[in-house]
Amino acid sequence: MTIIQRRWQARPVRLLAALAIAAGAALSGLPAHADEPTAPPTQSGAPQSSEAPRVDLVLDVSGSMRATDIQGKSRISVAQQSIDEVIDALPSETQFGIRTFGATVPVSDKARGCQDTQQLFPIGKTDKVEAKTAVATLRPTGWTPIGLALRGAAQDLGSGQTTRRIVLVTDGEDDCGPPDPCEVARELAAQGTHLVVDTLGLAHDDKTTAQLECIANATGGTYTDVRTQQQMTDKVKQLVTRAGDTYKVTPVKTTGTDRCPDAPLLAPGVYSDREKFSEHRVYRVPVRAGQELRAAVSVSLDRPVARDYGVLLQATDADGQELVRGTDAASGRTDVLSTGVRWSAPGKAPSASASASVTPSATASPAALSGAAGSTVCLIVSNSLAPQAGSQAEPGLPLELTVDVAAASPAPDGPAAGLGRGWVLLLVLTGAGLLTGLVFGWLARWRIAVWREN
Amino acid sequence: MRHLTSTLLGLAAATALVPLTASAASAASASPVAASAPATTAGTSFLTATKLAAGQDATVAASTGDYLYWAFTATEGQTDTVKVNVSLPPATDRHGPQTWSVEVFDGLRRRQSCTTGPQNATADPATASLHLNCTLRQVRSWAEPWSGDPLPGTYYVRLTTGDANAQDFGLAAQVELHIGSKGDADNAQPEGGELKAPLVPPTASAAPAAPALAGAQTEHHWYSDLFSGWNTRWFWTAGGAALAALAGIGGYTLTRHPRGHRRPGRPPQYPAQP
């Protein structure tokens, strides 16, 4: 009896120990589990470019800059003081330059005045004293050839793989056109030189506002109406900083076709293209079995379009069978219209080593990817945009396509392989345990009673 | 024996409490820590969106008519709320009402619905500030590829001036953004669901997909399908089993040894050994 009792005591102790270990393991393991799904967006794939951020400031020195309507100071002096402060605060890696227009030819000579734009200070490592001296010598003189100045600034900035910024400071609309500055901006953006034009207006009339906003919208830039000197200084500083933050984010240029079989094959990445009103652009992406295709598309509205609009991204297989579609529609003022799709290729993923060694690339042949190995998905981008009266159809609207291929996520099997959770579960289990104990207890009593009788 | 039973009961109670403490601990770790200084920048496109850390606010000097983009990361089970406060330009410079709106997109740039608002608001020229609000749906742990349900990954916030008097564009405005989140992975639906790779867009360059795939691939064993990984269900189930065992012992004791079975002076009468 004593031996039995001792064993009877030893068992729960062991059970206690086991439970304590389990609880300890659980407590130490849980925070790790909670942290697991956090995956911050990474910049690991950014191009390893040695280029520096480049900013060209285009300054209006036309006669109207003499007007004294900003806090009692003349427009040109406000601009000069702000630029001085900006030059003082330039980030060390930023290459900064200044171009002027209307600085030399007087108002009396329109023919020459409308060609009047010069590089005041070349883009490069800025000698701050020299740059400030150059700015201080400027006197308001002539005409306002904004379009030509923008073209000149684009040439100053040169071509390259990174995004360049033009900061346009002006107080009036282009009085020289053609070329219309807004069309020049759109044309520069379409050349694939990754140009962004930010505009600052010193005059507050409707026409200037509309024109500067048009230039900004055409290139994905911003428009600011300058009311105080502090505002202008802060804004230009912000734009220069922004150039340093974002200049490396540049999509790869591609050209979609109108048919699937000869569409370009895309590897994961970000691509840019142009799409006209009601045009279809088709791209192909190889997707292996057990992989998931993720694609997103954005169409920028860089010119006035009709009030309601939409975009459609369709994924089809090689035979034209639709797999999935993403769509978005809206109305009113917006910069970009975007949508995305996910699609999982059926089948099981190959082993880790196999999938790591073979990667989809732009050169992979579609034949090699057909059959059990996977398939090639066609992405068709179409839009339901209509031009407003007077909107140009050429060049097409900027289109940005993001393609990614990730491991497919199969449907979950259901809650955690038969495990339960909740107070009801505890209650039911305890109740069932009690009932079982009682039944067995009564059975045992009844058996002993019967046994004792015999 | 009585002492032992009480210890055992106490431990069972402690075991039952484990899920609570555990979930509280994980909630604490998932909740945003009062983070770094507010960001002072905003992007102007999806690609250049300013990335905000968990709990980080943004305070940006903007112009009326700017398109401002921020990006933040949401994890499964989380319900995020985007709050925007716009200090409008001085009333003397304004000519008409302004409408501002906040929109949220997921990592695939798909528009996400707001469950509460107001997502857009109109201010008449006399109003000094605007408040916008957008509570997203709870982020799911898994969703069918064909659905637009919110999934773990990057989310984009876009603030726009939808409508304003043409003369009012470009005026200086101050924007404050706050993103709050509540909930954690324990509440994520569907249970047992897992998105192998979060919806994080690839970066600008056309980088090969190999690292992402290799990272997502976990080793597969014969028991992988049986064992669903650590979650609080293990503690609930184990606690329930312990309670059931105790209740069983209790029930058995109640019937097998009824009160007074060990009456003093009356030893138990076992039948004689054969």
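So the sequences go chain by chain: G and V. Just so we're aligned: the first sequence equals residues 1 to 454 in our numbering. Just so we're aligned: the second sequence equals residues 1 to 274 in our numbering. The beta-carbon is built from N, C-alpha and C at its ideal position, and this holds for glycine as well. It should be emphasised that the depicted structure is a prediction, and the values quoted were computed from it without experimental measurement.
(request) Would you mind stating whether residue 168(G) and residue 154(G) have Cβ atoms separated by less than 9 Å? (result) Here the question's residue 168(G) lines up with position 168 in the first sequence. Here the question's residue 154(G) lines up with position 154 in the first sequence. The answer is no: Cβ separation not under 9 Å.
(message) Against residue 292(G), what residues of chain V qualify as contacts under a CB-to-CB distance less than 7 Å, listed in chain order?
(response) Against the first sequence, residue 292(G) aligns to sequence position 292. Chain-order list of chain V residues neighbouring residue 292(G): 145, by C-beta distance under 7 Å.
(request) Quick one: grab the DSSP three-state call for residue 189(G). (result) Start at 1 with the first residue of the first sequence, and residue 189(G) comes out as number 189. It is helical.
(message) Does any residue of chain V have a CB that is nearer than 9 Å to the CB of residue 30(G)?
(response) In the first sequence, counting from the first residue as 1, residue 30(G) sits at position 30. With a pLDDT of only 35 at residue 30(G), under the threshold of 50, the placement of this residue in the model should not be trusted; the figure read from the coordinates follows. Yes, contact with chain V.
(message) Can you look up residue 309(G) in the DSSP assignment and give me helix, strand or coil?
(response) For the purposes of this step, residue 309(G) is taken as the residue at position 309 of the first sequence. Residue state, collapsed to three classes: strand.
(request) Could you work out which residue in 176(V), 243(V), 166(V) and 250(V) is closest to residue 70(V) when comparing CA atoms only? (result) Here residue 70(V) refers to the residue found at position 70 of the second sequence. Residue 70(V) has its Cα closest to that of 176(V), out of 176(V), 243(V), 166(V) and 250(V).
(request) Within its chain, find whatever has a CB closer than 8 Å to the CB of residue 119(V); leave out the 5 residues flanking it on each side and keep chain order. (result) Looking up residue 119(V) in the second sequence gives position 119. Taking residue 119(V) as the centre and dropping the five residues before and after it, the same chain places the C-beta of 101, 102, 103, 132, 133 and 134 closer than 8 Å to its C-beta, in chain order.
(message) Relative to the C-alpha of residue 399(G), which candidate in 288(G), 271(G) and 57(G) has its C-alpha closest?
(response) To locate residue 399(G), count along the first sequence from 1; it is residue 399. Residue 271(G) is the option with its Cα nearest to residue 399(G).
(message) Counting C-beta neighbours from all protein chains within 10 Å, is the total for residue 117(V) 16 or more, i.e. buried, or is it exposed?
(response) Reading the second sequence from its first residue, position 117 is the one you call residue 117(V). Residue 117(V) comes out exposed.
(request) In the DSSP assignment, find the unbroken beta strand (DSSP E) run with residue 244(V) in it and report its ends. (result) For the purposes of this step, residue 244(V) is taken as the residue at position 244 of the second sequence. From DSSP, residue 244(V) is part of no beta strand (DSSP E) but of the alpha helix (DSSP H) over 233-256.
(request) If I'm right that residue 263(G) touches residue 284(G) with Cβ under 8 Å, what's the distance once you round it to whole angstroms? (result) Locating residue 263(G) in the first sequence gives position 263, counting from the first residue. Locating residue 284(G) in the first sequence gives position 284, counting from the first residue. Contact flag correct, Cβ pair sits at about 5 Å.
(request) Check each candidate in 67(V), 63(V), 55(V) and 40(V) and name the one with the smallest Cα separation from residue 46(V). (result) In the second sequence, the residue the question calls residue 46(V) occupies position 46. That would be 67(V), whose Cα lies nearest to the Cα of residue 46(V).
(request) Indicate whether residue 340(G) and residue 313(G) have their beta-carbon atoms separated by less than 9 Å. (result) Position 340 of the first sequence, counted from the start, is the residue given in the question as residue 340(G). Position 313 of the first sequence, counted from the start, is the residue given in the question as residue 313(G). Yes, the Cβ-Cβ distance between residue 340(G) and residue 313(G) is below 9 Å.
(request) Starting from the beta carbon of residue 142(V), find every residue of chain G whose beta carbon is closer than 8 Å, and list them in chain order. (result) Taking the first residue of the second sequence as 1, we reach residue 142(V) at position 142. Neighbours of residue 142(V) on chain G, chain order: 409, 411 and 412.
(request) State buried or exposed for residue 109(G), treating a residue as buried only when at least 16 other CB atoms are found within 10 Å of its CB. (result) Your numbering for residue 109(G) matches position 109 in the first sequence. By the 10 Å Cβ count, residue 109(G) comes out exposed.
(request) Please name the residue, chosen from 385(G), 379(G) and 326(G), that lies closest to residue 306(G) on a Cα-to-Cα basis. (result) Counting from 1 along the first sequence, the entry for residue 306(G) is found at position 306. With distances taken between CA atoms, residue 306(G) lies nearest to 385(G) out of 385(G), 379(G) and 326(G).
(request) Return no unless some Cβ of chain V is closer than 9 Å to the Cβ of residue 204(G). (result) One-based indexing of the first sequence puts residue 204(G) at position 204. Taking Cβ atoms only, chain V reaches closer than 9 Å to residue 204(G), which makes this a yes.
(request) With a threshold of 16 other CB atoms inside 10 Å of the CB of residue 450(G), please say whether the residue is buried or exposed. (result) Position 450 of the first sequence, counted from the first residue, corresponds to residue 450(G). Exposed.
(request) Could you name the residues of chain V that residue 231(G) contacts, counting a contact when the two beta carbons are closer than 7 Å? (result) Translated into the one-based positions of the first sequence, residue 231(G) becomes position 231. Those are 172, listed as they occur along chain V.
(request) Below 7 Å CB to CB, which residues in the same chain sit around residue 222(G) once its five sequence neighbours on both sides are set aside? (result) Here the question's residue 222(G) lines up with position 222 in the first sequence. Excluding positions up to five away in sequence, the list reads 198 and 216.
(request) Return the CA-CA distance between residue 194(G) and residue 274(G), expressed in angstroms with no decimal places. (result) The sequence position of residue 194(G) within the first sequence is 194, counting from 1. The sequence position of residue 274(G) within the first sequence is 274, counting from 1. So the two alpha carbons sit approximately 13 Å from each other.
(request) Put residue 277(G) into one of helix, strand or coil per three-state DSSP. (result) Your numbering for residue 277(G) matches position 277 in the first sequence. Three-state DSSP puts residue 277(G) in coil, outside helix and strand.
(request) State buried or exposed for residue 127(G), treating a residue as buried only when at least 16 other CB atoms are found within 10 Å of its CB. (result) The residue given as residue 127(G) occupies position 127 in the first sequence. Exposed: under 16 other Cβ atoms inside 10 Å.
(request) State the CB to CB distance for the pair residue 156(G) and residue 56(G), rounded to an integer number of angstroms; the pair is presumed to be in contact (CB under 8 Å). (result) The residue labelled residue 156(G) in the question sits at position 156 within the first sequence. The residue labelled residue 56(G) in the question sits at position 56 within the first sequence. Going by Cβ atoms, the distance from residue 156(G) to residue 56(G) rounds to 5 Å, so yes, they are a contact pair.
(request) Take residue 389(G) as the anchor and find which of 445(G), 379(G), 304(G) and 378(G) has the nearest alpha-carbon. (result) Your numbering for residue 389(G) matches position 389 in the first sequence. Taking only the C-alpha atoms, the option nearest residue 389(G) is 304(G).
(message) Distance check for residue 155(V) and residue 91(G), CA to CA, integer angstroms please.
(response) Against the first sequence, residue 91(G) aligns to sequence position 91. Against the second sequence, residue 155(V) aligns to sequence position 155. One C-alpha to the other measures close to 30 Å.
(message) Along the chain, where does the beta strand (DSSP E) containing residue 292(G) start, and where does it finish?
(response) Within the first sequence, numbered from 1, the residue matching residue 292(G) stands at position 292. Note, residue 292(G): beta strand (DSSP E), 291-300.
(request) Compute the distance between the beta-carbons of residue 136(V) and residue 201(V), then report whether it is under 9 Å. (result) Translated into the one-based positions of the second sequence, residue 136(V) becomes position 136. Translated into the one-based positions of the second sequence, residue 201(V) becomes position 201. No.
(request) Determine the closest residue to residue 174(G) out of 122(G), 396(G) and 116(G), with distance taken between C-alpha atoms. (result) Counting from one through the first sequence, the residue named residue 174(G) turns up at place 174. It is 116(G) whose Cα lies nearest to the Cα of residue 174(G).
(request) Please state whether DSSP places residue 99(V) in a helix, a strand or coil. (result) In the second sequence, the residue the question calls residue 99(V) occupies position 99. Of the three classes helix, strand and coil, the one that applies to residue 99(V) here is strand, per DSSP.
(request) Would you list the residues sitting across from residue 380(G) in a DSSP beta bridge? (result) Here residue 380(G) corresponds to residue number 380 of the first sequence, with the count starting at 1. For residue 380(G), which the question treats as bridged, DSSP gives the partners 282(G) and 314(G).
(request) Just the chain G side, please: which residues come within less than 7 Å of residue 61(V) by C-beta, in chain order? (result) The count along the second sequence starts at 1 and reaches residue 61(V) at position 61. Neighbours of residue 61(V) on chain G, chain order: 234 and 238.
(request) Alpha carbon to alpha carbon, how far is residue 435(G) from residue 442(G)? Give it in angstroms, no decimals. (result) Along the first sequence, one-based indexing puts residue 442(G) at 442. Along the first sequence, one-based indexing puts residue 435(G) at 435. Taking the straight line from one Cα to the other gives about 11 Å.
(message) Tell me which residues of the stretch 81-101 of chain V have at least one Cβ-Cβ distance to chain G shorter than 7 Å, keeping chain order.
(response) 93
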